Amino acid sequence: MKTPKAKKKRVGAGSVLRTQYAALPWRINNGRLEIMLVTSRDTKRWVIPKGWPMKGRKPHIVAAIEAVQEAGLVGKTDKVKLGDFRYEKRLDSGAAVDCCVEVFSLRVQRQRKNWREKKQRATRWFECV
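Sequential numbering of the sequence shown, starting at 1, is according to my numbering.
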């Protein structure tokens with residue numbers, strides 16, 4: 001899988017840090033905070049919806065689009081990021097890419113009945129304790 005052009009930052013000795021944008025989907029259900037996670041397509045690990053920058057789109061909008069595509073979630077995304085984290089992404093080629101994921105709060109209003117990646121991913125609400 002080719003990596004789309006992403007916002008790049010230099011880190012250390014010639015390595016490049018690529019930026020991704022993610023949504024942290026949440027709701028209040030019966031007075032309790034819940035977070036939705038989705039499974040990754042390849043490893044089926046529980047993750048938050050995220051993706052590469054999209055030309056002409058602001059980061060919080062990209063996060064919202066990823067939440068719709070990966071989990072069918074519609075809601076209100078904050079314009080200011082909650083925070084960020086780094087990880088090493090393995091591409092299909094076996095190459096590793098260092099990524100910084102900027103995370104945006106998404107207050108979920110509803111989940112669509114059908115969405116783009118519904119057959120490729122599972123979704124689940126997790127209660128915060």
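Think of the CB as a built atom: it goes at the ideal place given N, C-alpha and C, for glycine as much as any other residue. Fair warning: this is a prediction, and the values are worked out from it, not measured in the lab.
Residue burial classification, residue i (beta-carbon count within 10 angstroms, cutoff 16)
i: Lys50; result: buried
i: Glu102; result: buried
i: Phe104; result: buried
i: Thr43; result: exposed
i: Arg24; result: Going by the sequence as given, residue 24 is Leu instead of Arg. Per the 10 Å Cβ criterion, buried.
i: Ala22; result: buried
Beta-carbon proximity check, residue i vs residue j, cutoff 7 Å
i: Thr19; j: Cys100; result: yes
i: Ala71; j: Val38; result: yes
i: Val143; j: Gln109; result: What is shown of the chain runs 1 to 129, which leaves residue 143 out entirely.
i: Gln111; j: Arg41; result: no
i: Lys76; j: Arg107; result: yes
i: Glu88; j: Ala96; result: yes
Cβ distance (whole Å) where residue i is taken to contact residue j below 8 Å
i: Trp115; j: Val68; result: 6 Å
i: Phe126; j: Glu34; result: 6 Å
i: Asp98; j: Arg90; result: With a Cβ gap of about 11 Å, Asp98 and Arg90 do not count as contacting.
i: Met36; j: Arg124; result: 7 Å
Helix, strand or coil at residue i [DSSP, three-state]
i: Glu70; result: helix
i: Ile61; result: helix
i: Asp42; result: coil
i: Leu33; result: strand
i: Leu17; result: strand
Cross-strand partners of residue i (DSSP beta bridge)
i: Ala22; result: Lys50, Val103
i: Ala163; result: Any question about residue 163 goes unanswered here, given that the chain covers just 1 to 129.
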